[in-house]
Amino acid sequence: MHSAMSASTDAEKAATYWLYRATGVERFANMKNDPRTRANRIKTLLAELRDLQRGINTAHAALAIWDRFTTDEQIRHALGNMDTRKTWSNYDLYYKVDKGEITPADARQSCIEGATLAVNGPVRRRWIEHVLNRLAFERSMLGDVPHYDGELTPVIIQAFAREQGAEVPKCTVPHAGVFRLESPVLLPAHIAPEASLALSEDGWRDLMQASGYTVPARTARRVSAKPDAVPLINPSEEQAEQLQTIWNLHMVAACKGKHSAAKPNSIYSTTQTTYSANSKGDYAPFKTIEIAADGRRVRMEWQRQERVRSGEPVARIRISTIGAEFYKPDALLVITDKPSKPLPMDLDALEAAARQAAGEEEAAA
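Terminal number for the sequence shown in our numbering: 423, no gaps in between.
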């Protein structure tokens, strides 16, 4: 009786174990068959395809280099100064040539043979065929690739060629309805056996579908939370002087009841080149600020435990802080070699209000 109970307990444990194993295998198989997993696997395979194709592209570029460099001096220069990956040479090949262990011509020939093997060799070709077959299988499990019927542009064709491993693809429109794809080296073999390919719109659509390429849908650009920038205005000298006078009067009004007197400032004129060279950074002498409809500078201030603007900006202008002092306003800056635009405010009314606030009505009269 006891041995029968022990046997049944062992059988239960074995059944539970194998049931657990079967459940794990089923879940793993479901995970591998998940469309999201397949889509990520396709991305990985495409990256592997581009990596394999990149080696062929580099080999083509190396062959082009050795077609140009034929003399001993040119070969020495290429081996000693160029990247070994671009010349398809060993890192110690230059030293062998320099020590006389191998002639420059033999070194060049060994590089050519290595690059030719990379281009036409069977190993890399079999790997590319293997990756393409895996891509075809994974895509077939996701269903048919849709035929692109939208507007075809050179950018779409370049993105397709780049995903397939083409080297710096460039697409042009030689004439209406035809797109030509070009590359500095041969295009991937599953696209074309040459360095360029010209097809009609329908031809490119069929090729993209046959290659399993889906044109990504355009996503709406995220709306910025920042407010729209107000226009940057370069005022005329007359308006700049009038606004500078308003700023001086604002400082006079701010100094009422204080022991210190306001110090007037005048406009500052310079060129665009000088301004650009001296307007970088927080401590630069030239700055761009925002002004409100009342002519005052818009600043950030605290109101009810929140940082808010002191006013609604209507324009941006340039100022100079050269010679800045206490109780002295900033100098309004005018770019002399740029066209001027009028300020969007009534400067006469602002000046009259500023004079009244500063108590200078009689002086103005």
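Cβ atoms here follow ideal geometry from the backbone N, Cα and C, with glycine treated the same way.
All values reported here derive from a predicted model rather than from experimental measurement.
In the DSSP assignment, what are the bridge partners of residue i?
{"i": "P371", "result": "A350"}
{"i": "R126", "result": "DSSP, once it has assigned bridges, lists no residue as partnering R126."}
{"i": "C229", "result": "L239"}
{"i": "S254", "result": "E240"}
{"i": "R376", "result": "T346"}
{"i": "L265", "result": "Answer is none; L265 lacks a bridge partner."}
{"i": "L290", "result": "R374"}
With DSSP as the reference, label residue i as helix, strand or coil.
{"i": "M63", "result": "helix"}
{"i": "A407", "result": "helix"}
{"i": "E420", "result": "Note on E420: pLDDT 39, under 50, position unreliable in the model; no value is reported."}
{"i": "Q363", "result": "coil"}
{"i": "S327", "result": "strand"}
{"i": "L401", "result": "coil"}
{"i": "R413", "result": "helix"}
{"i": "R99", "result": "helix"}
{"i": "R280", "result": "coil"}
{"i": "A69", "result": "helix"}
{"i": "L245", "result": "coil"}
{"i": "R357", "result": "coil"}
{"i": "E209", "result": "coil"}
{"i": "H317", "result": "coil"}
{"i": "Y341", "result": "coil"}
{"i": "A136", "result": "helix"}
{"i": "A80", "result": "helix"}
Is the distance from the Cβ of residue i to the Cβ of residue j below 8 Å?
{"i": "P212", "j": "T272", "result": "no"}
{"i": "A173", "j": "A117", "result": "yes"}
{"i": "V288", "j": "P371", "result": "yes"}
{"i": "I114", "j": "R182", "result": "yes"}
{"i": "V366", "j": "P293", "result": "no"}
{"i": "P246", "j": "A224", "result": "yes"}
{"i": "A415", "j": "A311", "result": "yes"}
{"i": "S258", "j": "V236", "result": "yes"}
{"i": "I304", "j": "G353", "result": "yes"}
{"i": "S327", "j": "T394", "result": "yes"}
{"i": "K144", "j": "A120", "result": "yes"}
{"i": "E341", "j": "R263", "result": "Per the sequence shown, the amino acid found at residue 341 is Tyr instead of Glu. Their beta carbons are not under 8 Å apart, which means Y341 does not touch R263 by this criterion."}
If I follow the unbroken beta strand (DSSP E) through residue i, where does it start and stop?
{"i": "L239", "result": "236-240"}
{"i": "V273", "result": "Segment: none, V273 is in no beta strand (DSSP E) and carries neither H nor E."}
{"i": "A391", "result": "Checking the displayed sequence, the identity of residue 391 turns out to be Leu instead of Ala. From DSSP, the beta strand (DSSP E) with L391 extends over 389-393."}
Taking the continuous alpha helix (DSSP H) assigned at residue i, which residues delimit it?
{"i": "S334", "result": "330-335"}
{"i": "Q300", "result": "295-312"}
{"i": "P180", "result": "180-200"}
{"i": "A217", "result": "212-221"}
{"i": "A145", "result": "Residue identity differs from the one stated: residue 145 is Thr in this sequence, not Ala. From DSSP, the alpha helix (DSSP H) with T145 extends over 142-145."}
{"i": "Y385", "result": "Y385 -> no alpha helix (DSSP H), and no H or E assigned at all."}
{"i": "Y151", "result": "Inspection of the sequence shows that residue 151 is occupied by Leu rather than by Tyr. Per DSSP, L151 belongs to the alpha helix (DSSP H) from 151-157."}
Alpha carbons only, please: which of the options is nearest the one belonging to residue i?
{"i": "E299", "options": "E171, Q167, P387", "result": "P387"}
{"i": "A253", "options": "V243, R376, A351", "result": "V243"}
{"i": "V189", "options": "L77, T81, L103, D68", "result": "L103"}
{"i": "T95", "options": "E106, W262, R197", "result": "R197"}
{"i": "A320", "options": "A250, Q330, H308", "result": "H308"}
{"i": "K399", "options": "M63, R354, W76, Q297", "result": "Q297"}
{"i": "D109", "options": "W185, D130, A65, N91", "result": "W185"}
Do residue i and the ligand FAD come close, with the Cβ less than 7 Å from some heavy atom?
{"i": "A412", "result": "Absence of the ligand FAD from the depicted structure is noted, as is the absence of any ligand whatsoever, leaving it without description."}
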